[in-house]
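Participant:
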Amino acid sequence: MYDPDVSQMFDQVPLANWNGTQMPLSEAKVSVLDRAFLFGDAIYEVLRVYGGKPFLFDDHIARLRRNFEKLQLPADADIIAQRVRETIAASDVTEGTVYIQVTRGVAPRIHRYPATPPTPSELIYVSHFKDPYQELRKVGTRVIILEDLRWKRCDIKSVNLLANCMAAQTAYEAGCPEALLVDEKDRLIEGSRTSLFGVRDGRILTTPLGQNILPGITRKLLIQLAGECNVEISEAMIYRNDLPKLDELFITGTTTEILPVIQVEDQTIGDGTVGPVVSQLITAYAKTIERFRHSGG
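Put into structure tokens, the structure is as follows:
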């Protein structure tokens, strides 16, 4: 059963940067009229720190910038990027995570965007992170399937995550680290917080990009690594009834990295062990991280 000690995964008192000022996260205060609190009107990012440096940083900042444009949110991604680097440098974190959240700011409670844009509220905090998936990567994991209840713009990394949280809680109660989300056409879209990949006859399959899924940063790297490993990859839908035909299945994410799935509910995937394709990719991913740790960042 998947039951990590969450208290050991993250710092209890991370270092934060709240609107340009560094402080303990516990001291950061937000108005109840902030539009993130009232409407979920905010964008977020989570990235990993390896060797004291932000991993895949340019990709995360580029996605943050794209999301600002989609929501007409007048924040400066370059300033936020600089604050991220400064906050990591001021912390003692060498292996951890960075959380970024940018809201539209404080304004009277009206549903439309304020005519005069308020000043965005910008939060960054840096935490130590203890990887809870190390052992599962060696043996694989079980996941469940749930109906996709999320809104129709999952390409926007919004803080509106209630449906994701409901799915994560159901997965936890089932003893699983993740839930796969299925749409009305019985297509497996992605996980509640991960990207999804299947392997059939040595070829990787993954959900095509669109408004129904998040363009995952780890997903992007995985596609690159598959090319370097000479593994063919296709963007193609995986249906629920495809599961018995798959040789391998795995999920990816910023904190998950690459995690093999050997059972979906009662359906065993392949022979029920971690397969050769995902094993090769896990090795390639680990080597990429090690090169990054020893690089200039």
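Residues in the sequence shown are numbered consecutively from -17, following my numbering. Note that CB positions come from ideal geometry on N, CA and C, so glycine has one too.
Select from E166, K269, R169, P100 the residue whose C-alpha is nearest the C-alpha of A24.
Facilitator: Out of E166, K269, R169, P100, P100 has the C-alpha closest to the C-alpha of A24.
Participant: Could you please give the first and the last residue of the uninterrupted alpha helix (DSSP H) stretch that includes N146?
Facilitator: Here the alpha helix (DSSP H) through N146 covers 144 to 155.
Participant: Could you name the residues that DSSP lists as bridge partners for P242?
Facilitator: Bridge partners of P242: F232.
Participant: Pull up the CB-CB distance for V84 and P102, whole angstroms please, since I reckon it's below 8 Å.
Facilitator: Contact holds; Cβ gap of about 5 Å.
Participant: If you follow the alpha helix (DSSP H) that Q206 is in, where does it begin and where does it stop?
Facilitator: Run containing Q206: 199 to 210, per the alpha helix (DSSP H) assignment.
Participant: Do you know offhand how far D229's Cα is from D183's?
Facilitator: Going from the Cα of D229 to the Cα of D183 covers about 7 Å.
Participant: Please state the DSSP three-state secondary structure of K269.
Facilitator: Of the three classes helix, strand and coil, the one that applies to K269 here is helix, per DSSP.
Participant: Write down the C-beta distance between L105 and A10 rounded to the nearest angstrom, noting that I regard them as a contact closer than 8 Å.
Facilitator: Indeed, because the Cβ distance is near 6 Å, the residues count as touching under 8 Å.
Participant: In this structure, how does DSSP classify V260 when only helix, strand and coil are distinguished?
Facilitator: Residue state, collapsed to three classes: helix.
Participant: Give me, in chain order, the residues of the same chain whose beta-carbon lies closer than 7 Å to that of Y267; leave out the 5 immediate sequence neighbours on both sides.
Facilitator: For Y267, where only same-chain residues beyond five positions count, the Cβ hits under 7 Å are L207, E239, I240.
Participant: In terms of alpha-carbon separation, which member of G122, H110, E247, I61 lies closest to S73?
Facilitator: Closest option to S73, Cα to Cα, is H110.
Participant: I need the straight-line Cα distance from R201 to L170, nearest angstrom please.
Facilitator: Roughly 16 Å separates the two Cα atoms.
Participant: Give the straight-line distance between the Cα atoms of R47 and T265, rounded to the nearest whole angstrom.
Facilitator: Going by the C-alpha atoms only, they are around 31 Å apart.
Participant: Please say whether L38 and I199 have beta carbons closer to each other than 7 Å?
Facilitator: Yes; because the gap between Cβ atoms is below 7 Å, this pair is in contact.
Participant: Just how far apart, CA to CA, sit A150 and C158?
Facilitator: Near 9 Å, if we compare the C-alpha coordinates of C158 and A150.
Participant: Can you tell me which of L131, N(-1), I186, A156 puts its alpha carbon nearest to the alpha carbon of N146?
Facilitator: Checking every option, the nearest Cα to that of N146 belongs to L131.
Participant: Look at the Cβ atom of K52, then the Cβ atom of I138, and state whether they are nearer than 7 Å.
Facilitator: Cβ distance < 7 Å, so K52 and I138 count as in contact.
Participant: With a CB to CB cut of under 6 Å and the five nearest residues on each side skipped, what residues in its chain are close to I244?
Facilitator: G122, I251, G254.
Participant: Among D168, N223, H276, L162, whose alpha-carbon lies nearest the alpha-carbon of I233?
Facilitator: The candidate whose alpha carbon is nearest that of I233 is L162.
Participant: Candidates R119, G78, V75, V108: which alpha carbon is nearest V258's?
Facilitator: The sequence given here has Pro at residue 258, not Val. For the residues R119, G78, V75, V108, the minimum Cα distance to P258 belongs to R119.
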